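What follows is one structure encoded as structure tokens, with my remarks underneath.
Protein chains in written order, with my numbering: chain A, 1130 to 1211; chain B, 375 to 1106.
What follows is the structure, encoded as structure tokens:
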């Protein structure tokens, strides 16, 4: 289990948990927004671009999402073998 | 308007008008679909009480009247963002006859989640399986009847960009709207425990609160009450009694506290399951074009250079195309139009003051603002192109890290860039930011960007005082604005807009080539507010300014006019900044209308001689207008292909200032000129920007704050420049 933000471009992973419940981050301003964009537990994500700093680009289903690093570090994933 | 529509209907239509709400995810092509259906009949306004755009259109189809209402694009219907609340409230309270759900068929699963929520409202749903051309290109296949059968809706493939499938879509809408019983949506079964609770709540509401049962869709109401939706509990006053507690106790024991999560999971499950069954994907190994482009455009090293080139191109093209036309409009207003007005007023023997009011007040004031219309529209066009093609979202991605320094994220970068052209579209562009705090903070920083209207001031003063290194000084003004924006951003984030650094989540749509038609429609929609405002209260304020310069009645010396007195009154404030003349003060006051007026007011006050030139005839004027328009287009065209097109900007305000240049050189020193330029850059947003603040935020508050901090900052910076310069012995 590792944060999504640490995956390299081209790697795929399964989302295990989204840690959104911290003060000032209501479930539905963070987690729900991620969920409604398709980032949910059990989903497979592919990292398209991860420059190491700044936002990263992931692919879920058919959509490309830009995720701030802060958000990406809250998403715990299991890396899948190629 | 409602009455009118009702009247028309009563006269001509026996059958009732169908109200059709159009919902869908952002980037699903909803806008394009609406435009394709309604075209020019589209009326754009705002939803009551908020500044989110509302589009409506009435159209005739097979002799029936359909009223389309465009709901804000949303990913779900949970009541947490403004857009979602608007969409939800409309659907729940206005009971449209049919919902058209525009779905990106290439991204079915996620789009279906919203569909699942729409179905719960009990209103017939027609799904537009949009972007079907790309869907087919990808080699996907869909079992439409399975989708229709399991959800109890109609599904029609459409390609909105090419207008395909729209007839079928409208036919399905008509059919569903006329036979709602046959098109009752299937509801998702949430399992025995939940369904029992739902029934219990529904019964309770029916018996005890029959008014609520008619006001809201029943099943939806019951589900929301079980979720303990705060807004609904407040609205219905059902939260207080012990009833809900009892109805949900059993549920919570079995499923935990978060029923909302439980329901959300069930909907996702259904959407995912259905997609698996109905959709056949061929596995293709090849990378999509969008991903290939992104690999270059978002590259760690190439991303920023590519972005800078794109921005430079946008500016170049905007000013190349816009400037000659601005000059042309300006020429028409100050030349023939002014002469004709004078001639007309003389012909009807109007008093002298009326002539002056019409020419100097109305044409010189409101007309002045109108001259910027070509620039605004050119800019809007290129912005629309950047947005429509999908690149704008990439720019936000690339600039995200730099913007974090200001406590903002990448999306805020777009409005700030636009601010260099004109602050007005920049304020409107903050619309793309979801978080209200980010939106306001960004809008507050926009006025620090050197807009095109500040340039004439820079050009005039650098020409007089820093001729040898004019471009460096102008460039320094731009940099000063950017640096101060960063500083103010950090300051605001630490004080007024405290809170977590914003979450950056944004969908990057696939690259698409927008059609010319949709480009033009969106450009027009973006720019037309500007025209309307110029014709209404900018006109009013211009007339007011004219009176201020000409009262008390028949004042001979402008120094003794109200504006002159005002200038004299506030001039001491500028004493420590090095420019305490009443002329400079008055010019700054009038600069509120538009920053370039600072220059024109100075010209007026420092006393230009009335130009005595041969007045051309009407025919010659007309000819000249035509010829100069041709020239303007030619210039615009040739500019685009010349590398140094932007340079035309700096060469503008040259001639005709000769007569009062000397006086200006006497009144200012290089140091006080620099302070004056910095003050002009910072002191306050112009009138049109003020209108944009009010229009976008619905309150004068943020304009007030922008003005207040602007004035303070302007004074401080000018003070530091002037006094600091003197200390360094640079002369005063």
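Beta carbons are placed, not taken as given, at the ideal position from N, Cα and C, and that holds for glycine.
Since this is a predicted model, take the numbers as computed values, not measurements.
The alpha helix (DSSP H) with residue i in it runs from where to where?
i, result
"residue 774(B)", "765-778"
"residue 860(B)", "844-868"
"residue 336(B)", "Shown here, chain B extends from 375 to 1106; a query on residue 336(B) therefore has no answer."
"residue 1091(B)", "1075-1101"
"residue 798(B)", "797-803"
"residue 1070(B)", "1061-1071"
"residue 929(B)", "Looking at the DSSP string, residue 929(B) is not in any alpha helix (DSSP H), and its letter there is neither H nor E."
"residue 1051(B)", "1044-1056"
"residue 939(B)", "936-944"
"residue 957(B)", "956-964"
"residue 831(B)", "829-839"
Taking 7 Å as the cut-off, is the C-beta of residue i nearer than that to any heavy atom in the ligand GTP?
i, result
"residue 1144(A)", "Although the ligand GTP was asked about, the structure shown includes no ligands whatsoever."
Suppose contacts are defined by Cβ-Cβ distances below 8 Å. Is residue i in contact with residue j by that definition?
i, j, result
"residue 822(B)", "residue 599(B)", "no"
"residue 1134(A)", "residue 1201(A)", "yes"
"residue 543(B)", "residue 587(B)", "no"
"residue 749(B)", "residue 855(B)", "no"
"residue 952(B)", "residue 1096(B)", "yes"
"residue 475(B)", "residue 397(B)", "yes"
"residue 530(B)", "residue 539(B)", "yes"
"residue 792(B)", "residue 1080(B)", "no"
"residue 784(B)", "residue 770(B)", "yes"
"residue 1193(A)", "residue 1148(A)", "no"
"residue 1157(B)", "residue 633(B)", "Here chain B comprises residues numbered 375 to 1106, so residue 1157(B) is not present and cannot be evaluated."
"residue 491(B)", "residue 450(B)", "yes"
"residue 526(B)", "residue 558(B)", "yes"
"residue 1198(A)", "residue 1184(A)", "yes"
"residue 735(B)", "residue 917(B)", "yes"
"residue 961(B)", "residue 954(B)", "no"
"residue 1091(B)", "residue 1052(B)", "yes"
"residue 1176(A)", "residue 1138(A)", "yes"
"residue 710(B)", "residue 999(B)", "yes"
"residue 892(B)", "residue 852(B)", "no"
"residue 1058(B)", "residue 1084(B)", "yes"
"residue 788(B)", "residue 776(B)", "no"
"residue 547(B)", "residue 394(B)", "yes"
"residue 504(B)", "residue 1190(A)", "no"
"residue 392(B)", "residue 412(B)", "no"
"residue 698(B)", "residue 958(B)", "no"
Would you verify that the beta carbon of residue i is, or is not, closer than 8 Å to some beta carbon of chain E?
i, result
"residue 1036(B)", "The chain labelled as chain E is not found among the protein chains of the depicted structure, namely A and B."
In the DSSP assignment, the beta strand (DSSP E) including residue i goes from what residue to what residue?
i, result
"residue 476(B)", "472-478"
"residue 1207(A)", "1204-1208"
"residue 814(B)", "That residue, residue 814(B), is in no beta strand (DSSP E); its alpha helix (DSSP H) goes 810-819."
"residue 1173(A)", "1173-1178"
"residue 1188(A)", "1185-1189"
"residue 512(B)", "Per DSSP, residue 512(B) belongs to no beta strand (DSSP E) and is neither H nor E."
"residue 1192(A)", "1192-1196"
"residue 879(B)", "879-882"
According to DSSP, residue i sits in a beta bridge with which residue or residues?
i, result
"residue 435(B)", "438(B)"
"residue 394(B)", "442(B), 472(B)"
"residue 417(B)", "430(B)"
"residue 1144(A)", "1206(A)"
"residue 502(B)", "476(B), 530(B)"
"residue 785(B)", "Partner(s): none; residue 785(B) has no beta bridge."
"residue 654(B)", "515(B)"
"residue 1131(A)", "1206(A)"
Worksheet item: Three or more C-beta pairs closer than 8 Å, one from the stretch 721-729 of chain B and one from the stretch 661-673 of chain B: is that the case here?
Response: no
Discussion item. Quick check for students: name the residue ranges of the alpha helix (DSSP H) that lie wholly in the stretch 670-727 of chain B, counting only runs of 4 or more.
Written reply: 677-706, 712-721
Worksheet item: Does the stretch 887-904 of chain B come within contact of the stretch 857-869 of chain B, defined as at least 3 CB pairs closer than 8 Å?
Response: no
Worksheet item: Can you list, in chain order, the stretches of the beta strand (DSSP E) that have 3 or more residues and sit fully within the stretch 516-547 of chain B?
Response: 528-531
Worksheet item: Quick one: complete alpha helix (DSSP H) runs, 4+ long, within the stretch 571-650 of chain B?
Response: 584-589, 592-600, 604-610, 617-629
Item to complete: Count the CB pairs spanning the stretch 503-522 of chain B and the stretch 601-608 of chain B that are closer than 8 Å, and state whether there are at least three.
Response: no
Fill in: Three-pair Cβ contact test at 8 Å for the stretch 749-768 of chain B versus the stretch 937-950 of chain B
no
Practice prompt. Tell me, please, whether the stretch 442-462 of chain B touches the stretch 398-416 of chain B by the rule of three or more beta-carbon pairs shorter than 8 Å.
Written response: yes
Fill in: the stretch 1164-1177 of chain A / the stretch 1137-1146 of chain A touching (three or more Cβ pairs under 8 Å)
yes
Worksheet entry | contact_flag[the stretch 1041-1057 of chain B, the stretch 727-741 of chain B] where n(CB pairs < 8 Å) is 3 or more | no
Worksheet item: Are the stretch 714-721 of chain B and the stretch 680-699 of chain B in contact at 8 Å, needing three or more beta carbon pairs?
Response: no
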